[in-house]
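Last residue of the sequence shown: 382 (the UniProt record's numbering), numbering continuous. Just so you know, even glycine gets a beta-carbon here, dropped at the ideal spot from N, CA and C. Everything on this sheet refers to the single structure shown next.
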Amino acid sequence: MGMMENSATIMAPLLLRNTVKSVLIYADKSLLNLAGKYKLLQIIRYLIVTAFLFFQRLFLSFFPSNYLHSLKSDDGYTFKPTQSSYIADSGIGDSGIGRSLWQLLVSVNDIPVSSTKYGIVRSLAERLIEGNNREDVEALREVNRRVLSAAFSRTICRVEAAFIEMGTGSGQFRLDRVFRTVRDGVWSGRVREDVSSRLGNSAEKLAAELLWLTQKLVGCGFEEEAVERWASALNLAQLSVVAENRVQGSLVKVSGRFYIQIAAFLFRQMKDIGLEETEGGNKERLRQTKMKMLITWLPLLCRGNNGTDIPVLSLSERAELEKILEDAIDMLQHEEQEQVLSLWLHHFTYCPSSDWPNLHASYARWCTTSRKLFFSSIKDVK
């Protein structure tokens, strides 16, 4: 009986929260279009969202910690303070060496880069990763893969939270995306505090650590894992592109350089992945991954400021990456090529700060093929 009463007590605030959230998301779909036309509605929308998020956190503060620990997130995961959701999902906690490496990587995220402890902890993490890799034992390599992949996902989540924290007032973000990120912070334990203030962390620092984790994944021989995870980071890529001007000043112009470097690095790795694959299923999966990489990161590549002040990539690197992008596009189906090239043309045309990548050769080839297909369809009709 007591268990049933406790369950009802737990479900009541959850039901109220989800009901209010659903109503706000439904109303926000109507407000979103109007907010783009009327400044007053933008302000009202921002105030409503901010007020809801504030009262949600205030409401949670009235409950004891053991009460909150029993709550479940929308995806069914039970929050446990002693075990991160990433540990539970990836099986990191199965070994002491995995838990140790995970703790080190979490600490690297949390310690300010200005602290002398940062270099010490990061050095310990590197030594542990390299030691596992040097042993040439499959079980230790699997530990590296799981922990690095989980740390990669956690860091992406923290960067997304930083974008949301500094960009909710722009009127550009969908309210359900804001709630999803805040949910991960409050309910799942993935982002437990305000990223912009916790231990002095900066988005630039997290972006640099994403590049470092990418290099470690590839260095351990997990190129495909890194490519697939980066190709799936659509939310981060979109937030990087559509963030308001004041956020772009600190994130897109600085952190964005790291994202462009990561994308360029992984596009180079991607060109050699699957060259020896002969099975149809694997080849199709790799083709879809390349499609996702292009759709996800091509817009930001087009917005990368490659001026003479602080070039993101050298001239030779830019030329090499253009060739890799063209080869990747050529491997896609005709309809997929149209989708990618249409996306490229839009961002290439309307971004004044960059004239790269120039994929005119791929676009010309697609037009030639389209013309032939059109003539063929006319002959078939006749």
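Cβ-based neighbour list, residue i, same chain, cut-off 8 Å, excluding 5 preceding and 5 following
| i | result |
| --- | --- |
| residue 124 | 104 |
| residue 160 | 181, 235, 236, 239 |
| residue 152 | 210, 213, 214, 217, 226, 229 |
| residue 340 | 291, 294, 295, 298, 329, 332 |
| residue 100 | 128 |
| residue 322 | 356, 357, 358, 359 |
| residue 268 | 320, 321, 324 |
Exposed unless 16 or more other CB atoms sit within 10 angstroms - verdict on residue i
| i | result |
| --- | --- |
| residue 375 | exposed |
| residue 296 | buried |
| residue 363 | buried |
| residue 335 | exposed |
| residue 371 | exposed |
| residue 214 | buried |
| residue 259 | buried |
| residue 369 | exposed |
| residue 337 | buried |
| residue 256 | buried |
| residue 361 | exposed |
| residue 286 | buried |
Inter-residue spacing [alpha-carbon to alpha-carbon] between residue i and residue j
| i | j | result |
| --- | --- | --- |
| residue 386 | residue 113 | With the chain represented from 1 up to 382, any question about residue 386 goes unanswered, as that position is not in the structure. |
| residue 98 | residue 139 | 11 Å |
| residue 204 | residue 378 | 54 Å |
| residue 359 | residue 273 | 22 Å |
| residue 182 | residue 294 | For residue 182, the predicted structure reports a pLDDT of 48, less than 50, and the residue's modelled location is therefore unreliable. A value from the coordinates is still provided. Each residue's alpha carbon lies about 28 Å from the other. |
| residue 266 | residue 51 | 40 Å |
| residue 219 | residue 270 | 14 Å |
| residue 224 | residue 116 | 34 Å |
| residue 95 | residue 284 | 35 Å |
| residue 300 | residue 290 | 16 Å |
| residue 315 | residue 354 | 13 Å |
| residue 149 | residue 136 | 19 Å |
| residue 282 | residue 288 | 10 Å |
| residue 324 | residue 162 | 31 Å |
| residue 232 | residue 264 | 15 Å |
| residue 222 | residue 44 | 47 Å |
| residue 350 | residue 48 | 32 Å |
| residue 207 | residue 317 | 20 Å |
| residue 342 | residue 142 | 40 Å |
| residue 155 | residue 202 | 12 Å |
| residue 319 | residue 326 | 11 Å |
| residue 373 | residue 365 | 12 Å |
| residue 40 | residue 352 | 29 Å |
| residue 367 | residue 346 | 16 Å |
Same chain only: Cβ atoms within 7 Å of residue i, ignoring 5 sequence neighbours per side
| i | result |
| --- | --- |
| residue 121 | 104, 107, 108, 111 |
| residue 384 | With the chain covering only 1 through 382, there is no way to say anything about residue 384. |
| residue 144 | 129, 132, 133, 220 |
| residue 126 | none |
Nonlocal neighbours in the same chain, by C-beta distance under 6 Å from residue i, ignoring five residues either side
| i | result |
| --- | --- |
| residue 230 | 266 |
| residue 118 | 111 |
| residue 344 | 298, 359 |
| residue 348 | 302 |
Chain B within 9 Å of residue i, Cβ atoms only
| i | result |
| --- | --- |
| residue 115 | Absent here is chain B; the protein component of the structure consists of one chain. |
> Along the chain, which unbroken stretches of the alpha helix (DSSP H) at least 4 residues long are found entirely within the stretch 109 to 156?
Replying inline: Within the stretch 109 to 156, the complete alpha helix (DSSP H) runs of at least 4 residues are 116 to 134.
>> Just to confirm the assignment: which complete alpha helix (DSSP H) runs, minimum length 4, are found wholly within the stretch 332 to 359?
In response: Fully enclosed alpha helix (DSSP H) runs of no fewer than 4 residues occupy 334 to 350 of the stretch 332 to 359, in order along the chain.
> Which ranges would you report for the alpha helix (DSSP H) in the stretch 212 to 236 if only whole runs of at least 4 residues count?
Replying inline: List check, alpha helix (DSSP H) in window: 223 to 231.
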